[in-house]
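So for the sequence shown, our numbering puts the first residue at 383; every next one is plus one.
Please read the structure below before turning to the comments.
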Amino acid sequence: MSNPETVEDAVRHWDEAMAAVQAAVHDADYAALCRQMRRVRLAFRDVHQLLGQPEAASLPATLRERLQGGNQRLEQLQRDVSVWRDDLQAKIEQRAVGRRVSRAYHPNHASLCGRDVRIRTGKGLE
């Protein structure tokens, strides 16, 4: 992501990142969701940095209200992602009990946003 020079550019980047997050959720693509959440956080940070500039005073009131509500949307999205991550990890563990783990879900090859996937086998964690 490039550094936006205007508030409008920052808002556009934020909107694009939010759309990408929604697409990742729709596609149930957890890895893409993690990447897009990082993109959303960076875009949101850029928006807030640029809101302190003098040109931000000329923004329409509806846009300012939407941006102020964006922090709450981002926090809710992070909570939703956390719940989804925990649910996905539980499903992986449930399917893997007593089975050979495919390479895609093996702890040495898979990661959920930086957290290793651990598979229960009845003998503790592998």
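The C-beta atom is built at its ideal place from N, Cα and C for all residues, glycine as well.
Secondary structure note for Gln-435: it is in no alpha helix (DSSP H), with a DSSP letter that is neither H nor E.
Here the C-alpha atom of Gln-460 lies approximately 13 Å from the C-alpha atom of Phe-426. Boundaries of the alpha helix (DSSP H) harbouring Glu-398: 389-409, taken from the DSSP string. Out of Gly-452, Trp-466, Ala-414 and Ser-464, the CA that lies nearest to the CA of Ala-402 is found in Ala-414. Val-429 is positioned such that its CB atom lies closer than 8 Å to that of Val-389.
A distance of 8 Å or more separates the beta carbons of Leu-432 and Ala-399. The Cβ atoms of Val-463 and Met-419 sit closer than 8 Å to each other. When the Cα atoms are used, Leu-445 and Gln-454 turn out to be separated by approximately 15 Å. Annotation for Leu-456: Val-422, Arg-423 and Phe-426 place their beta carbon closer than 8 Å to its own, counting only its chain and skipping 5 residues before and after. In the three-state reduction of the DSSP assignment, Leu-449 falls in the helix class, which pools H, G and I.
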